[in-house]
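Enquirer: Chains as they are written, first to last, in this note's numbering: chain A, 13 to 285; chain X, 41 to 280; chain B, 1480 to 1787; chain W, -13 to 223; chain Z, -3 to 420. Glycine residues also receive a C-beta, built at the ideal position from the N, C-alpha and C atoms.
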Amino acid sequence: MGFVYALIAAGLSLIFGLMEIVNFAHGEFLMVAMYVAFFAWALLKLDPLVSLPLAALLLGTLGFTVYHGIIRRVLDGPMLAQIFATFGLAVLLRSAAQFLFGVDFRTVSQPLLAGRVALGPVFIGVPQLAASVAALAAFVGLFLFLSRSETGLALQATAQDRHAAALMGIDTQRMFALGWAIGSACVGVAGGLLAMFFYIFPDVGTPFALLAYVTVALGGFGNVPATLAGGVLVGLVEAFGGLYLTPALKYSAVFALYLGVVLWRPQGLFGRF
Amino acid sequence: MSLLSVTGITKTFGGVMANREISFDVKPGELVGVIGPNGAGKSTLFDLITGFQRPDAGRVTFDGHDVTGWRPDRISHLGVGRTFQKLKPFAGMTALENVMVGAFQKTSDVAEARAAAMTALEQVGLGERAEAHARGLSTGQRKRLELARALATRPRLLLLDEVTGGVDQATVPGLIRLVRELHATGLALIVIEHNMRVIMEISERVVALQLGQVIADASPAEIVRDRRVIDAYLGETWRE
Amino acid sequence: MGALAFPAVFTLPFPRHVMIMIFLYGALATAWNIIAGYCGQIALGQAVFFGIGAYTSSLLYTRVGLTPWAGMIGGVILAVLVSQVVGYPVFRLRGHYFAIATIAVGEIVQALIINWDAIGGGRGVFLPIKRPDSFLNFQFHTSKAYYYYIALGLLLLALGITRWIEGSRRGYYFRAIREDQDAAAALGVNVAREKLRALAISAGLTAMGGSFWAQYLLFIDPESVFPLSLSILICLVAVLGGVGTLWGPLLGAAVLVPLQEGTRVMLGGTGKAIDLLIYGALIIVISVAQPGGLMGLFGVSRGAGSAR
Amino acid sequence: MTRLLEARGLDVLLGDYQVLWEARCAVAAGEIVALLGPNGAGKSTLMNSLSGLLRPRAGDVLFDGHAITGLPAHRRVSQGISHVLERRRLFPYLTVRQNVWLGAYAREARADRETQYQKMIELFPIISARANQLAHTLSGGEQQMVALARGLMSRPRLLMIDEPFLGLAPLIVEQLVEVIRRVNQDGVTILFIEQNVERALSIASRGYILESGRTILDGPSSELLHSAEVRRIFLGG
Amino acid sequence: MHRFATSLLAVFLVFAIVAAAPSGAVAQSKEIVIGVLYPMTGPTAQAGVDNKPVIEIGTDIANGVTDLPFPFYQKLKGMPGLKGAKIRLVFADHQGKPELGQAEAERLITQEKVHAIVGCWHSGVTATASQVAERHGIPFLNPESSSPGLHRRGLKWFFRTSPHDEHFTQAMFDFFRDFEKKRGVKIKTAGLTYDGTLFGADSGKIMKELAKKSGVDVTLDLQYKLQSTSLQSEVQRLKAANPDVWMPTSYQTDAILFVRTAKELDYNAKMVMAQDAGHISPDFVQAVGRDAEGTMSRAPFNTDLIDKRPVAKALNALYTKKHGKELYDFPARSFTGYMTLLDAINRAGSTDPEQIRQALVATNIPGDQLIMTWDGIKFDENGQNTHVKAIIIQLQGGKFYTVWPWDSATRDVIYPIPAWKDRK
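(1) DSSP on Z/S293, reduced to helix/strand/coil?
(2) Where does B/G1731 land, buried or exposed, given buried means 16+ other C-beta within 10 angstroms?
(3) Relative to the C-alpha of Z/W117, which candidate in Z/L64, Z/R179, Z/D46, Z/K177 has its C-alpha closest?
(4) Go through its chain and collect everything with a Cβ distance to B/R1654's Cβ below 7 angstroms, but skip five positions before and after it.
(5) Report buried or exposed for W/R62, applying the criterion of at least 16 other Cβ atoms within 10 angstroms of its Cβ.
(6) Going along chain A, which residues have a C-beta under 8 angstroms from W/R75?
(7) By DSSP, does B/P1770 sit in helix, in strand, or in coil?
(8) Return yes when the Cβ of B/P1701 is within less than 8 angstroms of the Cβ of B/I1531, no when it is not.
(9) Is the CB of A/L87 under 8 angstroms away from at least one CB in chain W?
(10) Taking Cβ-Cβ distances below 8 angstroms as the criterion, which residues of the segment 16 to 49 of chain W are in contact with chain X?
(11) Measuring alpha carbon to alpha carbon, tell me which of Z/Y190, Z/K204, Z/V32, Z/V284 ends up nearest Z/I83.
(12) Tell me, to the nearest whole angstrom, how far the beta carbon of W/A121 is from that of W/Q130; I am working on the premise that it is less than 8 angstroms.
(13) Within this structure, are the beta carbons of Z/H147 and Z/V384 separated by less than 8 angstroms?
(14) Taking C-beta to C-beta, are A/Q144 and A/V249 nearer than 8 angstroms?
(15) Assuming B/F1502 contacts B/L1631 (C-beta within less than 8 angstroms), just tell me the rounded distance between them.
(16) Per DSSP, which residues does X/I62 bridge with? Please list them.
(17) Between the alpha carbons of A/A241 and A/A45, how many angstroms are there, rounded?
(18) Residues of chain B with CB under 8 angstroms from A/F15, in chain order?
(19) Can you give, in chain order, each stretch of the beta strand (DSSP E) that sits fully within the segment 57 to 134 of chain Z and has at least 3 residues?
(20) Can a CB atom of chain Z be found closer than 8 angstroms to the CB of B/S1703?
(21) Have a look at A/I27, A/V62, A/A171 and flag the residue whose alpha-carbon is nearest the alpha-carbon of W/R75.
(22) Would W/L(-1) count as contacting chain A if we go by Cβ distances under 8 angstroms?
(23) Around the C-beta of A/W192, are 16 or more other C-beta atoms found within 10 angstroms, so that it is buried, or is it exposed?
(24) Return no unless some Cβ of chain B is closer than 8 angstroms to the Cβ of Z/K93.
(25) Should W/L157 go down as buried or exposed, given a rule of 16 or more other Cβ atoms within 10 Å for buried?
(26) What separation, rounded to the nearest whole angstrom, lies between the Cα atoms of W/A133 and W/L144?
(27) Can you list, in chain order, the residues of its chain with a C-beta nearer than 6 angstroms to that of Z/T249? Leave out the 5 residues immediately preceding and following it.
(28) Using Cβ-Cβ distances below 7 angstroms, what residues of the segment 1707 to 1722 of chain B are close to chain X?
(29) In the DSSP output, which residue or residues are listed as bridge partners for X/V100?
(30) Sorted by chain position, which residues of the same chain lie with C-beta nearer than 6 angstroms to Z/Q271's C-beta, five sequence neighbours on each side aside?
(31) By the criterion of Cβ-Cβ separation under 7 angstroms, what are the contact partners of B/V1767 in chain A?
(32) Whole angstroms is fine: what's the gap from B/G1646's alpha carbon to B/A1522's?
(33) My output table needs one value for W/C11: the three-state DSSP class, helix, strand or coil.
(34) If you reduce the DSSP assignment to three classes, tell me which class Z/G187 lands in.
(35) Apart from the five residues on each side of it in sequence, which residues of its chain come closer than 8 angstroms, Cβ to Cβ, to W/A14?
(36) Grab me the residues of B/V1736's own chain with a C-beta within less than 7 angstroms of its C-beta, minus the 5 sequence neighbours each way, in chain order.
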C-alpha cells in the first residue's frame, strides 16, 4: 500500500512544492478517479488497469480546471482562504458525486488481475502487488518526467525559484496550471489502481487524503522523491502497527510517527527549508 | 568595564563561515558603528548577540551575564534592543500598537504602555502617525517605527541594523539626529550602516567586517584611512 | 438586546435550536479565533478539547454524580492541562507542519478514546434523563430557553474574554506573535509561553462548549465529539466570518449555521445531497470573493493576510 | 549610438511600499553600464522592473524602441533580455547542467542550444567539470559562473547582472570581470549592479547612481570616479 | 460597528422568521403527520434512501392508494379508526450525526407538528432523537437500531420492534450449539473483529460476554478503525489465530474490504458469523457476494423468505416496482416498525400522543401477518418487542438463504467454507 499512498501524496506534494497550497480536496480527487475507473469498467468493460490513462487524463483536466477556476483567484490571498476554498471544493465534489452517482458502494468485480502470490510466509494479493508495481512505475515515470523532460525541468525550476524561472522564459502561470494537472493525474492513476480492489463511494477519499497529508509532510513538503520514502514508511507502519498493536491504533501509530519525525526534524525527513 | 563583550564567536551556515572568531567590546554609553560590504556577516553578528542564532563557538556577555545561547526575549529583558535589516513591522497593527508591544516589557498596564509608546513615537518623530496601520507607512517611517518599538523596551544597548538603508534622502539627517539624541541620553548603540557618511558622522568607534572577519576596529578618522577598508569599499584609487 | 428577547418572540424550539447552535459554534469559533486569529497558530485539533470537556463532565456526572457545572470546570482544567502538554512540543513547528501535527494529535486522541473501554470506548456515554428540570442537573426538558441562555452566556463569555484579551497586554503580545515571531521575541515577548497561554484559553472555552453539548444532547460518543470534521468546521466558521476580529467568528456562525440548517431542512430529505452541493459552492464563492472573511463587507478588516 | 534599453519615470511599489520614484536609466547597444548606490537605494528593484519581475505603477520601459512595460518576464526573455539575479539564484536541487540547459528554455533559443552550451563550457570550464552536481553544493564563485552561463544561454542582447561579485574572493572576482568583458566583446550589452564604486567603474563605461529610490547622478565612469558627490554618498565627509 | 450589529440582528431576524414558518400546511385534524428520520446523505445514506420507498408504500396502503391483501393491512386501509384521515409524511435527514438527529426530531415535533416519529437507523442518532421525543411526549418508533442500551434508558415513549444485538448474538450462539449437535463439529474458538463505533463496540462487548457464557474461547479480539484504508494486518492476524469461527461486525465499507483482503491473503475461515449490517447489505452482496461464499449472519429477515411468506412476496412486488431493488433486511424492518405504528394510531382512533402511546403499549400483532419470521409484536415495559426471533442466513452462490432455525431454513449450512483454492 505504501507505494499507492506515495503516489496519492506525490500529487499533493507537487502542487505544494509549486505554490505552497495544500489541496484539501485531494481525497475527493481520488474519489472522482475511482468513479472514473468504475464507470469505465461498468459501461465500457475496461479493466481499471486499462482505463488508467483515461483516469489520469480526466483528473488532469479536472486539476487544470480547478486551478484556473478557483486556485488562481485565491493564490495571493491568505493561507486560510486557500484552505477554505479547497475545503469547499471537497464538499462540492463529494456531494456532486452523491447527486450523480448515488450512495451505493460500487466495486469492480472480477478485475483482470486476481489471486495472490506467496512471499515466504506472507501472501500478497495480486491486485495489490500490481497496484504497488504500477504505482511505483507511475512514480518512476513522474520522476523521470520531472528530471528529464524539458517541461519537467521547468516545473522543478518554477518550484525551486519562481522568479528565476520566469527569467528563463518559463511561463510560471502555465507551470502552476500544469502542476495541478499533473498532480491530479497522479491521483487519477492512484484512484484507478485502488479501484481494482477497493470499494467506491462518495466519501471514500477522506481517510486516504488524511494519510496523504501525513505522507507529504513526513517526507518534507515539496520534495517529490521524498514523498516516496514517506509513503513507504506510512505503509510499513500501518501494516506493522496493525500486526503488533491493536489494529484500532494503527493509524495512531502513523500519526505518532509523523509527530515524532517533525519534532525531531521540523521540516520533515527530507524537507528543504 | 564593558557593557557587551563578544569573544571569538563563530557561526557557520552550510559550510559558509558567516562569522569567524569575532571579538569586540562595547562600553556603556558608547556608539559603535559596524561596516562591511554585503555578505560580510554584519546581520549574523546581530543575530548572535541577540539570541536569534546560537554561535558554534565563542561567548557573548552582557552586563556580566553570559547570555550565549539565551532566548531572544530573555536577552531583551536584560536590556538589549534591536531592529532588523529586513523590516519586521507588525503589519496589521497600528504604529502605536506596534510600539506598545515593546512598552509592555516594563508595564502591564495598558494606559501606561500607551503613554510610554506615544512618548517613544514622538521621540522618533512618528507621533502624528500613531493611529496609522504599520503596513501603510513608508520605509523611512517603518524604520523609525522599529526604532521606537525597541526604545520602548528601555534598553541599555540598542542594535540598529541599517538605520538609513532604503530611506528617503530627505529623512536621513533626521534619523542621524535621532541616533545622536539617543546616544546623548547615555544609551549604548551598535549601528550597522552602509551609508559611510552617516557612520563616520555618528560613530565613536567603527568595527569593519569583511567575509565574516573583523578587519579593523578603530576611530572613524582612522577607518577612512584604513587601507583594507578602502579596498573593500571603493577600490584602490581612493586611498589617500 | 434582541438576543435576550429572542426566546420570548420565538417560542418554537427549532429556531431556538438554531440560535443555540449559532451561539455554540460562535463560541467555539471565537475560542479558536484566540489561538488562530489573534495568535496566528492555525490549530486544527480543537475537537480534542471539545471532547475532553464533553467526556469529563459526563463521566463525572454519571459515575460520581457530580453536577455537570462542576464537571464543566473539571473539563476546563483537564483541557488546559492537555493543551499545555501537547502544545509545548507542537508549537515548535510552523506553517503546514504545525497544522498537520494538530490534526495528527486529534486523530490519535480520538483513537485512544475509542479504545478506552473503561470510559465506554466506542459506545460512548448515555446521560440519564432526569426529571423535573433542574439547574443542578443541567437538564431542561420543558423549555429550550434555558439552554438558549446558557449557550448565550457561553458565547458572551468567549466574546468577553476575547474583548479583554484585545484590550490587555496579552492581546498585544498575541497579535505581535501572529505578525512576526522574531520581532516579538526581540521586544522581550516569550513567544513559546504566550502561544501556550493562547492555547490554554482557547482550550478551556472549547471544553466548556463540549460540556454544554453533552448536556444538551445527553449522548456522546467519540465519533461525535472528537472528530476532525468538528475541528475543521470550527475553523470554517471563523474564517468565513473573518479571523482576528472580535465579531467575525460570531458572524460566521450566524451565516453558516442557518445556511446549513436551512439547506438541510429544505432540501435534505431528498437523499441527493443538493444541500451540501450548494453549501460547498457557496464556500468556494466566498473564499474567492471575500478572502478576508465576511467582516470585510462591513469595512472591518484585520490582517488575515498576515496570518500566514 | 542607439538606445537598446531605456527606462523613464519609473514609480515602483513593493507591496504597499514605494521603493522607486521616477527612476530612470538607459543603455546603448554594446555598452557596459553600472548601477551604483548604497544598500536599499533601489538598484535591484530597478533591475527587476526592467526584466519584468515587477510592474511599475508609472513610467515606461522601452527595449529596442518598443514599449515592453506591461510584458511579463518570460516574454521579455524571448525579446533578448536576460537577468541574473542577486545571489545567483540557481535552482538548488537541479544539476549544473540542468540549470544551464534551462537558460535556453525560450523557444527562440532552443535551436542553438547545443552550440551555445558548448560555448558556455568554453567560457566556464567549471560547467563541464561539475555538470552533474546539484547546484546548491557549489561554492559561491562557481555558482556565479553557472548563473552567468545560464543567463547567456538564451543568447541575450542585453545581460543584466545583479551584484555579480557579492561575497566572492578577489581572485574569482578578477576571473569574472574577465568573462564579463569577453561577453561584452562578443556583442552582448551589459548592465550590472555593484557596490564597490571603483571596481564597478573600472569595468563599466558609464554609471548610474541611485540613492533612496531616485536616480541622482549619471555619467561616464571617468567623470564619476572623481566626483566629490560620489565620495559623499559612499564614504561621507 | 453599529452598522455591523444592526446587520447581524437583521440576519438573525430574517432567518428566525423563515425558520419559524412550518414548511407544510397547517396540520388539520383530518391529517396524521409522521416524521421519518433517516440518513439521506453521508456515508450510510443508503439505509435512508432504501427505506424511504417502503415507508411510502406503507403510507399508500393506509391511505388506500395501494392494496396489500392481508387482514392486518386491510384493517389499516383508509385508517378507519380515524375515519379516513390521510397520512402525510415528513422526511428529514440526519446524515448519521447525533446532533442533527436531535435537531431534526425537535423540528419535526414542534414545527411540522408530527404525531409520531420513525427512525433513525444509527443507534447513536436514535439515542438523541428519541430523547427529544421523550421530552415532548411524542411516540418514537424505532424499527431497526440494534444497540441494546437504547431501550434501557427508562423512556416512556420509545418503542423498538426489532431485535437488538443481545437477541441477535444469543441466536448466533444458540445456532452454534444446535449446529454442534447436528453435525458433530466443535466450535470452541472465536475471532472477533469490530469497528470503533457504537454499533461495533457494543457488538464486540456482547459477543465476548455471550462467548464466555457459552464456553467459546475468544482467541482474537480486534477492534479496528472505521473505514480503514487497508485491512491487511487484521486479516493476517485472523489467519494466524485461525479460530473455529470468525465473527465480524462491520459496516459495508470495511465488510467489502475484509472479504477482498481475505481472498488476497488466502485466509480460509471455516465459518464466518457476521453481525448483520455491512455483511448483508445489497452492496456487499453485489460487490463480493461470490467471494463471501459461506458467510453467515444473523438477521431479522431475509429475501429468500419472500417466497415462503405471502405477505413478504406481495410487498416485495410493490417495492421492486417502486424502487427497482429487491426487498431486504433494512426496508423490511423499517416497514414492520412503521406498520406497527400505523396500527397503533388506527387503534387509538386519535392523533393524541398519549392515546397512541397507550395503543402502542397494547400492541399485539400476530406473527403470520408480518413479513418477518417473528412470533409477533408485543412490547415489554421498556418498549422492546419481546416476540422477536432472529434467523441465521448464509451466502450461497451469491445469495443469502435462511439456514436456521431449522424449521425456517431454505438451505442447508455449508460447512466448512471451501478454501479459496478449491473454489471454481
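Expert: Walking through what the data contain:
(1) strand
(2) buried
(3) Z/D46
(4) Same-chain partners within the cutoff: Y1517.
(5) buried
(6) D173, H175, A176
(7) Residue state, collapsed to three classes: coil.
(8) 8 angstroms or more divides the Cβ of B/I1531 from the Cβ of B/P1701.
(9) no
(10) P24, N25, G26, A27, G28
(11) Check the Cα spacing between Z/I83 and each of Z/Y190, Z/K204, Z/V32, Z/V284: the tightest is with Z/V32.
(12) Wrong, their Cβ atoms sit about 11 angstroms apart, outside the cutoff.
(13) no
(14) Checking the sequence, you will find Ser at residue 144 of chain A rather than Gln. Against a cut-off of 8 angstroms, the Cβ pair of A/V249 and A/S144 comes out as no contact.
(15) 5 angstroms
(16) The partner list for X/I62 (beta bridge, DSSP) reads X/I49.
(17) 24 angstroms
(18) Within 8 angstroms Cβ-Cβ: nothing; A/F15 doesn't reach chain B, min ~21 angstroms.
(19) 82 to 89, 112 to 115
(20) yes
(21) Taking W/R75 as reference, the option from A/I27, A/V62, A/A171 with the minimal CA-CA separation is A/A171.
(22) So, not an interface residue.
(23) buried
(24) yes
(25) Exposed.
(26) Those two C-alpha atoms are separated by around 15 angstroms.
(27) Q223
(28) none
(29) X/V46
(30) S199, T245
(31) I82, R85, V86, A97
(32) 23 angstroms
(33) strand
(34) Three-state result, Z/G187: strand.
(35) M(-13), T(-12), R(-11), L(-10), T175
(36) V1497, M1500, I1501, Y1504
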